[in-house]
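S.K.: Those sequence lines, one after another, are chains G and W.
Per our numbering, residue -6 is the first one in the first sequence, and the count goes up by one each step.
Per our numbering, residue -6 is the first one in the second sequence, and the count goes up by one each step.
Number of protein chains: 2
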Amino acid sequence: MRLLPTLALALVLAAPAAAQDAPEPPTPASVVAAAPASDWRAIDPADLLVMTLAPDRDGDARRVVIQLLPAPFSQGWVGNIRTLAKARWWDGTSVYRVVDNWVAQWGDADETKPLPEGLREVPESEYASLPGDSTLQELVADLAAAEYPELFDPYSLGTGHWNGWPFATDQRHVWPVHCYGSVGVARSTDTTGTGAELYAVIGHAPRQLDRNIAVVGRVIEGIEHLSTLPRGKGEAGVYDDEALRVPIVSVRLGNEVPELPQPVFEYLASDSDSFAEYVRVRANRKDAFYKVPAGGIDVCNVQVPIRRVPSE
Amino acid sequence: MRLLPTLALALVLAAPAAAQDAPEPPTPASVVAAAPASDWRAIDPADLLVMTLAPDRDGDARRVVIQLLPAPFSQGWVGNIRTLAKARWWDGTSVYRVVDNWVAQWGDADETKPLPEGLREVPESEYASLPGDSTLQELVADLAAAEYPELFDPYSLGTGHWNGWPFATDQRHVWPVHCYGSVGVARSTDTTGTGAELYAVIGHAPRQLDRNIAVVGRVIEGIEHLSTLPRGKGEAGVYDDEALRVPIVSVRLGNEVPELPQPVFEYLASDSDSFAEYVRVRANRKDAFYKVPAGGIDVCNVQVPIRRVPSE
């Protein structure tokens, strides 16, 4: 655990010796800007959820775009979420709970709306990958080997990124982690939740929820429409006045939104050289503003670059 | 670095063997509720800043209470902030920059308002304690020894709490860390800032700013009046429309607010048994909702308990 900060110290001490007229050190933004097109991966619109809220008080549109977690993770709940979106189940429901430095939560506030048929009851074992899943053995090994040694973690034996998503491992399982913007499945004490009640994290990463609640996606556009909502003053941050609920007009899969063009996003491939450099630079800022590079970074502070592809 | 997660694994494996009819496991809330009065420390109103914003659109009052960092940390800037508050310098300025998952920033948006006399120019060396400060040697040793082994950290050689505040060390210096709610001194590339332009963190802990920007305090009440503000759409998240600026009515030291009673808060002493138990329980949740205790916690997720003392 002492390796990385020592590295950081070395960098600090070395800094004054670095050439004065060397080229400007890279920034995370410059690394992303320099990434070749081949280092970006398209996100299938079918793997997006587009949630349209009622316009705000100024009449401005509010749209939140969520990317769903890829297989093999959390697919029981992700499948339910696809079913719910196709059934237009969320239309007419609301964002009904907002807690500062915690979550914004939506679904059926009264929990009286009948659910569509075909939802799975998902076992707790799906909070993480199954041990021995051969497709994931390499990922377990990669994370445990701390491919990016900057990513020490108090919550696991190793963290890293796979297909553009942050994960952690205990050397047997791999699980998706809760970061700012992560979307998870609200549940009661004795269930794993269906996916009908969802939340987005709007504060410091609540990593204690990892493996205790299903992570099913992340907000990739429009998080501000959730993070700026008034905080609830009722029990557990639920809006005590129903008038405060934020109406959900519709939730559609990205390939089923009526407007064209469909939303197209891409992420910086986490197995690319650009991504590796991006993590290193974020962990060791040496551009002019920074006097002391941190020498490390936590997995949720990496913030995978994702961008909207402009329509032609 | 592998110790703690192994411990976590042990806890998981042991859990089913734990008695079924044992008393309900403690929660962070139950630990705080059970803490004796002697484990709480009063916060001197003179160490608070009370920032009153203009009422919101519904006419509701907006007040933000900030606790200033205690000596010997960041006292150059903290002294400037006291001077600025006594000069009523912030009255009539505004919150003018809000960036999602980053900061809300206030002061003189146009940077034309003359500063009061007597502000210090603070050297970068004050971002952390001076090596050899004898009052802090014990703290350095405590943090480096990882008094709470749950607090592994990718950004330092050790983290922990002192007088109710989160700190990190490289085994020579100790520095206050950036967490959700932390208040810091905005600056340009070539200065350390006066303290006139301040920001509060409203997202995941930006620990890369540690030792690069002065931490001078933390919001202990009313953070929602900053975190829910509209995000700025101008350069670097500055409000591009001046009409969006949120007027600051006044900023006063807590012992100089005109209203009585003065605000009185207290924090759970970080050298108390209650605090140690609180950290352990937060890192190892075993109450009914949690299926897998995390086995660790990052320093910013500890969230030091602070409460307002009801006026008699």
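We treat Cβ as the ideally placed atom computed from N, Cα and C, and that holds for glycine.
It should be emphasised that the depicted structure is a prediction, and the values quoted were computed from it without experimental measurement.
In chain W, which residues lie less than 7 Å from G/Ala281 when you measure between Cβ atoms?
M.R.: Thr182
S.K.: Excluding sequence positions up to five away, which residues of its chain have a Cβ less than 8 Å from the Cβ of W/Pro256?
M.R.: Pro38, Leu41, Val43, Val58, Glu214, Gly247, Val250 and Arg301
S.K.: W/Val91 to G/Leu46, Cα distance in whole Å?
M.R.: 22 Å
S.K.: Quick check: the Cα distance between G/Asp264 and G/Thr162, rounded to an integer number of angstroms?
M.R.: 18 Å
S.K.: Please go through the stretch 26 to 99 of chain W and give each complete alpha helix (DSSP H) segment of 4 or more residues, from N-terminal end onward.
M.R.: With a minimum length of 4 residues, the continuous alpha helix (DSSP H) runs that stay inside the stretch 26 to 99 of chain W are 68 to 79.
S.K.: Under three-state DSSP, which class holds G/Glu270?
M.R.: helix
S.K.: Is it the case that the stretch 197 to 210 of chain G contacts the stretch 166 to 182 of chain G, given that we only count it when at least three CB pairs across the two stretches are under 8 Å?
M.R.: yes
S.K.: For G/Ala198, would you say it is in contact with chain W, using Cβ-to-Cβ distances shorter than 8 Å as the test?
M.R.: Chain W contact via Cβ: present.
S.K.: Verify whether the separation of the beta carbon atoms of W/Pro109 and W/Leu77 is less than 8 Å.
M.R.: Yes, the pair counts as a contact, with Cβ atoms nearer than the cut-off.
S.K.: Is the distance from the Cβ of G/Ser67 to the Cβ of G/Val209 below 8 Å?
M.R.: yes
S.K.: I'd like to know if W/Asp93 contacts chain G, where contact means its C-beta is closer than 8 Å to some C-beta of that chain.
M.R.: yes
S.K.: Can you tell me whether W/Pro159 is buried or exposed, with buried defined as 16 or more other CB within 10 angstroms of its CB?
M.R.: buried
S.K.: What residues of chain G sit near W/Tyr173, judged by a beta carbon separation below 8 Å?
M.R.: Asn94, Gly196 and His197
S.K.: Under 8 Å Cβ-Cβ, which residues of chain G neighbour W/Lys284?
M.R.: Glu117, Tyr120, Arg204 and Asn205
S.K.: Note down, in chain order, every chain W residue with its Cβ under 9 Å from the Cβ of G/Ile290.
M.R.: Pro147, Tyr148, Arg200 and Gln201
S.K.: Find out if the Cβ-Cβ distance for the pair W/Gly157, W/Tyr260 is shorter than 8 Å.
M.R.: yes
S.K.: Look at G/Phe282 and W/Thr184 and say whether their C-beta atoms are less than 8 Å apart.
M.R.: no
S.K.: So what does DSSP say about W/Leu219, is it helix, strand or coil?
M.R.: If DSSP states are grouped into helix, strand and coil, W/Leu219 belongs with the helices.
S.K.: Flag G/Ala287 as yes if its beta-carbon sits less than 8 Å from any beta-carbon of chain W, otherwise no.
M.R.: yes
S.K.: May I have a chain-ordered list of the beta strand (DSSP E) segments no shorter than 3 residues that lie completely inside the stretch 176 to 247 of chain G?
M.R.: 191 to 194, 208 to 214 and 239 to 246
S.K.: G/Pro240: which of G/Ser23, G/Ala22, G/Pro48 and G/Asp32 sits nearest, CA to CA?
M.R.: Cα-wise, what sits closest to G/Pro240 is G/Pro48.
S.K.: Would a check of beta-carbon distances place G/Thr221 closer than 8 Å to chain W?
M.R.: yes
S.K.: Please look up how many angstroms separate the CB atoms of G/Asn73 and G/Thr187, rounded, as I've assumed it's under 8 Å.
M.R.: 5 Å
S.K.: At least one CB of chain W closer than 8 Å to the CB of G/Asn308: is that the case?
M.R.: This structure gives no information on residue 308 of chain G, because the portion of chain G shown stretches from -6 to 305.
S.K.: Where do the ends of the beta strand (DSSP E) carrying W/Tyr260 lie?
M.R.: Phe258 to Leu261 is the extent of the beta strand (DSSP E) around W/Tyr260.
S.K.: Between W/Gly174 and G/Tyr120, what straight-line distance do the alpha-carbon atoms span, to the nearest angstrom?
M.R.: 30 Å
S.K.: According to DSSP, what are the bridge partners of W/Gly111?
M.R.: W/Gly111 is not bridged to any residue.
S.K.: Using only CA atoms, which one of W/Cys293, W/Arg273 and W/Val88 lies nearest to W/Leu191?
M.R.: W/Val88
S.K.: Suppose the cutoff is 6 Å on Cβ atoms and the five residues either side in sequence are ignored; what does the same chain contact list for G/Gly225 look like?
M.R.: Arg90, Val91, Val231 and Tyr232
S.K.: Check whether the Cβ of G/Arg278 lies closer than 8 Å to any Cβ atom in chain W.
M.R.: yes
S.K.: For G/Arg238, return the contacting residues in chain W, with the cut-off set at a CB-CB distance below 7 Å.
M.R.: Neighbours of G/Arg238 on chain W: none; closest Cβ ~16 Å, over 7 Å.
S.K.: Identify the continuous beta strand (DSSP E) that holds W/Phe160 and give its terminal residues.
M.R.: Trp158 to Thr162
S.K.: Counting only Cβ pairs nearer than 9 Å, list the residues of chain W close to G/Arg224.
M.R.: Glu217, Ser220 and Thr221
S.K.: Hey, quick one: how far does the beta strand (DSSP E) through W/Pro169 stretch, first residue to last?
M.R.: Val167 to Pro169
S.K.: Sort G/Lys79, G/Arg75, G/Trp95 and G/Asp101 by Cα distance to G/Thr86 and report the nearest one.
M.R.: G/Asp101
S.K.: Give the secondary structure of W/Arg275 by DSSP, where H, G and I count as helix, E and B as strand, and everything else as coil.
M.R.: helix
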